[in-house]
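This report concerns only the one structure given below.
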Amino acid sequence: MSDPNAATTPVPFRGGGFKPERIRFVGLAVFLALVAIAEWGTRAGWISNLTLPRPSDVLSTFRDLYDTGLLWKHLIPSLTRLAVGSVLGVTIGIGVGVIIGLFSMVRAGLVPLVAALFPIPKIALLPLFVIWFGIDEGSKYALIALGTFTPTVVATYGAVDNVDRTLIRMGQSFGLSWWSIVRKIVLPGALPGILSGLRISLAIGIILLVAAEMLGAQYGIGAYILEAGSLYDLERLFAGVVILSALGVLTSAVIGWVEKRMLAWRI
Amino acid sequence: MSDPNAATTPVPFRGGGFKPERIRFVGLAVFLALVAIAEWGTRAGWISNLTLPRPSDVLSTFRDLYDTGLLWKHLIPSLTRLAVGSVLGVTIGIGVGVIIGLFSMVRAGLVPLVAALFPIPKIALLPLFVIWFGIDEGSKYALIALGTFTPTVVATYGAVDNVDRTLIRMGQSFGLSWWSIVRKIVLPGALPGILSGLRISLAIGIILLVAAEMLGAQYGIGAYILEAGSLYDLERLFAGVVILSALGVLTSAVIGWVEKRMLAWRI
Amino acid sequence: ANTKVTVGALAFTSHAASFVAYERGYFAEAGLEVDFKFFQAAQPMAVAIASGDADFGVTAISGGLISLAEKGATKVIGGALSEEKGIDGQKILVSDAAYQAGITTPKLLDGKKFGITQSGSSFHYMGAKMAAAEGIDLNYIPLQKVPAVIGALKSGQIDAWAIVPHIAKPLAGSGAVHIIGDVADYIPDYQVTSVFTSANNAANERAKSAAFLAAFAKGAADFNAALVDKTAGDDAAEEMVKLVHKYVYADRPYDKAKPGIVNGAMRINAGAALNTTSVKDQLDWFIAEGLIKGHITMETLVDPSYVETM
Amino acid sequence: MQLILDSVSHRYGDVRVLSDVSLTIPEGQIVCIVGPSGCGKSTLLRFLGGLERPGAGKVLQSGPLPDGCLNPLTYVFQDFALLPWRDVTGNISLVLEDHGIKGAKAARIIDDVLIRTKLSDFRNALPKQLSGGMKQRVAIARALAVSPAVMLMDEPLSALDAQTRELLMDDLVSLWTRTPFTAVYVTHNLAEAVRLGHRIVVLSRRPGTIRDVVEIDMPLDQRRAGNPTLEAHQARLWQLMREEAEAADKELSNV
Amino acid sequence: MQLILDSVSHRYGDVRVLSDVSLTIPEGQIVCIVGPSGCGKSTLLRFLGGLERPGAGKVLQSGPLPDGCLNPLTYVFQDFALLPWRDVTGNISLVLEDHGIKGAKAARIIDDVLIRTKLSDFRNALPKQLSGGMKQRVAIARALAVSPAVMLMDEPLSALDAQTRELLMDDLVSLWTRTPFTAVYVTHNLAEAVRLGHRIVVLSRRPGTIRDVVEIDMPLDQRRAGNPTLEAHQARLWQLMREEAEAADKELSNV
Ligand SMILES: Nc1ncnc2c1ncn2[C@@H]1O[C@H](COP(=O)(O)OP(=O)(O)OP(=O)(O)O)[C@@H](O)[C@H]1O
Ligand SMILES: Nc1ncnc2c1ncn2[C@@H]1O[C@H](COP(=O)(O)OP(=O)(O)OP(=O)(O)O)[C@@H](O)[C@H]1O
Ligand SMILES: [Mg+2]
Ligand SMILES: [Mg+2]
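In order, the protein sequences belong to chains D, V, H, Z and P. The first sequence begins at 6 in my numbering and counts up by one. The second sequence begins at 6 in my numbering and counts up by one. The third sequence begins at 29 in my numbering and counts up by one. The fourth sequence begins at 1329 in my numbering and counts up by one. The fifth sequence begins at 1329 in my numbering and counts up by one.
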């Protein structure tokens, strides 16, 4: 449709790339490949059985666990501890975080405290927790609650800070009460940040299960792992670790689902 | 300057608030108040000496540590472990994270793996680490490296994903080579996210010091804390915890300083 | 009129006296309704007694126990396991690598790595006493838990350790480690474990504590007769092993568990008598090592009013 | 109701933003405020709405409120300020709830303002589903729902593209023509100013002072793009502002 | 050099974006593309610059490159696309480095383009210190530094306020007048189009097709705001587009 007086060439393409694409099943393939290599290595002997358990043995350990009903006997106390502890830690954390976000005075007083609390290893405090909360479930709940509390606080007040100030000014300009603004603007606006903080908090909660069950727990995935570890029973150790890892992936998926449902309004 | 035919009243004020203000010294005051209460309680006896050590005793324990030179004897191995382990974990983590961020195939393969690795409690793997890396420094470095690796990876590929795509398209539109784009656009653009991920990674590194020093460490803050815990020596336990907490606050401050210097271009 | 009592225990043969007293109804006879609470390690058990989560426990005299006593939380009220010449006691072990390198007596351990669970643990004490007697220096490696020490010793990452016979013998049997000495040679009449309770029980619940000790002593007598002195005959021994097997190595078949239980049988002091000389020696050692505060005395740690002392 | 600024001055830290501004907003008129970037237009508007207090001077209101007025001074923001988690109806009912207006009464008000802003078909849409123009219509509907005495509009069209801007200007004109309202309209856009303003206040570069006030007599509904009188006004305003705008554009901010 | 679109069509998933668009960009002219939101203007520009490939049809270039041309097809983006961590000089040298131009030679080029865009005083400023107008000037300077054969501009002024827009339009006109360049200029703003375009292409609502091509003969430097001929053109364009713009504005996006 035109008459170029010189050579006509297509415009060279130089775009594309730098855009993450979803490729399905590669993750699964990598995972299966790793398992297969471990199986092969342990069977062929070039991976010593001190180094890694044979994946099929881990699987059969897991099946034993399931068949004997021990799986539930270990899983249920752990899930209870995780649930109670993290519900405690997360709700108090969100409450404190919102208050820090709203009141400069509280912020000035508590933020340094939380920052100082964060890098304290919770296992270091185990002996104290026994005195404070006893050796029964109390100290386990408390440990998980403390572990989930600090990251939740940090995520929550960050989320409150990130609520679009123009929305708040809008609320004020329409004469909304302070409480209305908090309830209808600040809290929903902070929700995405709080939920993504929850991801980290719950992962930490799962990690702390093992520490919590160091103390006087007969049943529980953490106790199971500890026992297996101290007996150098790698099959059981890995079975337990796989359960925790699956638990972590699962909670993360649940949060993803909640986000999808509750935050459908996001762009 | 006008003649209103009705009552002239000032426009009511309804703005303000919802803006975090910096109030100095409140944090310090809260901290001092807590210490004072603890001191008072332990002296007066309504806080049992099983529950909390007397702050002044903790201080004098700390002074003893310093005077005897034991402080350095414990601190230097711990700092070395932290440094070696986290440098390993963080550099490999940044490398892997950038590669995940750039290549969809790698992302599909590794992201699920990292997600599954994240909720695994590192103390659970301690027995394995001993087999893999021995009870000397190797296993301590490895533990801290693994602990800092996963959060660094997650933060890094998130940061790479968040690099403004228009900047990348700009680079392509000017015919910049792939490597130039990565070096001059992607990496500097990801730096803020990587640095803020580093905050978390290093906090985790500090937390893991205790776990790392569970096995075969004669000196180190973690070993010191564990020993104090098993001797139920609350003064020493708290002295150790305070050191770790200070270490955490310090690293966070250092990162803040680095951010201020390297990210001066941010709005 | 049964008094409810919580007894802290580890699933070890050294706690057998309590198990026997429970199974044979001695506790019930003494008017105690006993509830066992099992722990993975001695340290949390001591803390649990201090916090009131458990009433009585049996454990080695560790730095943690002394510290809790110093804080007015716990008291030692009786003795349990003892080293005794002639009865198989705790052994000094070396790794195969060290053995092959020519370390065949404790004297040759100078500068070697000696495994302990924690500073201030009984392993630390045994190593230190042995080293002092031999005039050598040891390098103590804390590994938190017994199984970790075993692993490190087997793989040659540490050179030596000292441990009760029922663990030492099977290990030596496998050839991975070698027994090179007896702890009893260095610490004669060593009071390995003791019975302890909260300071409140010791001072204000005398009847309960005395009842516990009495029943405990009965159990200990049965145990000694069946497995240590072997005066009760083979049937009684067999029965005793079966009883203990309910609590110790419960996850192993009886045949496999039996040697462990039999080998682990060390004397539990008659009448729960307490060897205060040995306790004093241990206390002095802790103070000398700077593991505990220097002002702690025997009175702080021990309530000698319940049992015979030696 | 009318609003009165009485020699208002303000500074933020070391920066003097406004200096001795006195101005009356007469009832039933649209007053446009134009001026270079950073001269304090938005600040002035915040003072007028009581969202901020001036360092010196007074901000006064006088005259009776219109009937049923729930929120006398009501903003329309540049970036719409819609709650993304509420749909169109929810965003409007938000400002009624605090006045205890619920149920049928609220529904009546909402229906009315949705019709006036031609939004009736979109009542259940979330903000993310709407184009920029539609979002600003929702914001205007929300402002209308509280029957304001004065509308305070801070560059309400500047986040929209040129074509949508045209469409919304027409809508504003027809809204005003049907029931005249009082408004302060801040803009950078001189074409908008001459299209919508009964009176155009030109501010100088920071610290903002009033350089000129231009009155345009032509009725709003007769103003069309390309009208020579308006073009003349616009050209004159541009002459007044060109230098200031150039200077403002070249200012380095020391963040 | 000229660019040729030969019956280009494209779809994203189920959405047909462009349908059979054929167009020639003649050398030395500014071609403006106007059209309602979402009609595929930006997509078209990406095709022209080789950043994306059309589903059907061809994008061709013909004719010799100008001397010293480093990057024949060069974009100016709406949001400036400056690297925030490089100062003005650094942002310009970025696009020279990959061509091996460094040191004195680079400095010469940079000095030249900074003078042409009146930025010489700001060479060491970081983007965050610059106003929007200055940032877009830097982006233009960067584009000039590679001596492009064709400049592809995607709403380069729409992120700026009205006054700065006026200033930059004048600058573009004077740049073109001094050395005419070829450009494709996408905009929503009909005033901009009639001010800068030798030829204005009107696209229909999605899927975009060419509705009309308007040629304006008046030399660029004689066009002024308020000029009756331009106003007439603008009014005609607005008539062509009004309905489409209204429809586009009311579209619900199903995100
Ligand atoms: N809360 C604040 N604290 C400090 N300085 C402020 C604050 N708000 C505004 N400023 C400064 O006051 C000056 C005027 O700001 P204002 O937003 O009122 O200008 P404007 O005329 O609305 O500008 P624009 O046209 O860019 O919207 C600017 O220099 C701005 O940086
Ligand atoms: N990468 C993409 N993937 C899927 N859809 C896209 C993509 N890019 C654009 N679209 C869709 O294609 C249509 C045209 O987009 P385009 O950006 O070209 O429109 P436009 O004319 O530039 O609009 P505007 O005036 O709003 O800038 C829009 O509906 C847009 O949502
Ligand atoms: Mg403003
Ligand atoms: Mg576009």
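Just so it is clear, CB atoms sit at the ideal spot from N, CA and C, and this is done for glycine as well. Computed from a prediction, not measured in an experiment: that's the story for all the values here.
query, result
"How would you write the range of the beta strand (DSSP E) that M154 (chain H) sits in, first residue to last?", "No beta strand (DSSP E) contains M154 (chain H), which is instead part of the alpha helix (DSSP H) from S150 to E162."
"Measuring CB atoms only, is the stretch 248-259 of chain V touching the stretch 124-139 of chain D, in the sense that at least three cross pairs come out at less than 8 Å?", "yes"
"Does the stretch 1433-1451 of chain Z come close enough to the stretch 1361-1380 of chain Z to have 3 or more Cβ pairs within less than 8 Å?", "no"
"Assess, as a yes-or-no matter, whether the stretch 243-250 of chain H is touched by the stretch 190-198 of chain H under the definition of 3 or more beta carbon pairs within less than 8 Å.", "no"
"In its own chain, which residues sit with a C-beta less than 7 Å from the C-beta of R1339 (chain P), not counting the 5 before and 5 after it?", "V1345 and G1383"
"Give me the subset of the stretch 102-131 of chain H whose CB atoms are less than 7 Å from a CB atom of chain V, sorted by chain position.", "none"
"Compile a chain-ordered list of the residues in the stretch 1360-1390 of chain P whose CB is closer than 7 Å to at least one CB of chain Z.", "P1364 and S1365"
"Where does K141 (chain H) sit, in a helix, a strand or coil, going by DSSP?", "strand"
"Shortest alpha-carbon distance to S1581 (chain Z) belongs to which of P:R1451, P:S1335, P:Q1457 and P:G1341?", "P:Q1457"
"Can you find the residues in the same chain that come closer than 6 Å, C-beta to C-beta, to A264 (chain H), ignoring five residues on each side of it along the sequence?", "A254"
"Starting from I140 (chain V), follow the beta strand (DSSP E) in both directions and report where the run begins and ends.", "Run containing I140 (chain V): none; DSSP gives neither H nor E here."
"Could one say the Cβ of Q177 (chain V) lies closer than 9 Å to chain P's Cβ atoms, at least one of them?", "yes"
"Can you confirm whether the stretch 25-34 of chain V touches the stretch 97-110 of chain D when touching is taken to mean that 3 or more C-beta pairs between the two stretches lie within less than 8 Å?", "yes"
"So with Cβ pairs under 9 Å, would you call P9 (chain D) a contact of chain P?", "For P9 (chain D), the predicted model reports a pLDDT of 43, less than 50, meaning its position is unreliable; a value from the coordinates is still stated below. It does: the Cβ of P9 (chain D) has a partner Cβ on chain P nearer than 9 Å."
"Note down, in chain order, every chain P residue with its Cβ under 7 Å from the Cβ of D1577 (chain Z).", "S1459, G1461, M1462, T1492 and L1495"
"Helix, strand or coil for E1559 (chain P), going by three-state DSSP, please let me know.", "helix"
"Classify Y237 (chain V) as helix, strand or coil using the three-state DSSP reduction.", "coil"
"Name the chain V residues whose beta carbon is nearer than 8 Å to that of Y168 (chain H)?", "Q223"
"Under 8 Å: does the beta carbon of T1371 (chain P) sit that close to some heavy atom of ligand 2?", "yes"
"Say the cut is 8 Å; is the CB of E1483 (chain P) nearer than that to a heavy atom of ligand 4?", "yes"
"Do R1570 (chain Z) and V1542 (chain Z) have their beta-carbon atoms positioned less than 9 Å apart in this structure?", "no"
"On the CB-based measure, 16 or more other CB atoms within 10 Å of its CB, does R295 (chain H) come out buried or exposed?", "buried"
"Determine, using beta-carbon pairs with one atom in the stretch 112-130 of chain H and one in the stretch 199-213 of chain H, whether at least three such pairs fall under 8 Å.", "yes"
"According to DSSP, M1481 (chain P) sits in a beta bridge with which residue or residues?", "P:V1404 and P:Y1513"
"Is D8 (chain V) buried or exposed, if buried means 16 or more other CB atoms sit within 10 Å of its CB?", "Residue placement at D8 (chain V) is flagged as unreliable, the pLDDT there being 46, under the threshold of 50; a coordinate-derived value is accordingly withheld."
"Report yes or no: do the stretch 301-319 of chain H and the stretch 276-284 of chain H share at least 3 C-beta pairs separated by less than 8 Å?", "no"
"Is the beta carbon of L1503 (chain P) closer than 9 Å to that of F179 (chain V)?", "no"
"Under a three-way DSSP split, which group does K1446 (chain Z) fall into?", "coil"
"Given a cut-off of 9 Å, decide if S183 (chain H) and S123 (chain H) are closer than it, judged by their beta-carbon atoms.", "yes"
"For the structure I just gave you, are there three or more beta carbon pairs, one from the stretch 1474-1490 of chain Z and one from the stretch 1513-1522 of chain Z, closer than 8 Å?", "yes"
"What are the start and end residues of the alpha helix (DSSP H) that includes W77 (chain D)?", "L75 to L107"
"For W1413 (chain Z), does the three-state DSSP call read helix, strand or coil?", "coil"
"What in chain Z is Cβ-close to L1518 (chain P), meaning under 8 Å?", "A1490 and Q1491"
"Give a yes or no on whether 9 Å exceeds the smallest Cβ distance from F66 (chain H) to chain D.", "yes"
"On the DSSP bridge list, what partners appear for I1538 (chain Z)?", "Z:L1531"
"Could you name the residues of chain H that Y237 (chain V) contacts, counting a contact when the two beta carbons are closer than 7 Å?", "V75, G92, S95 and L96"
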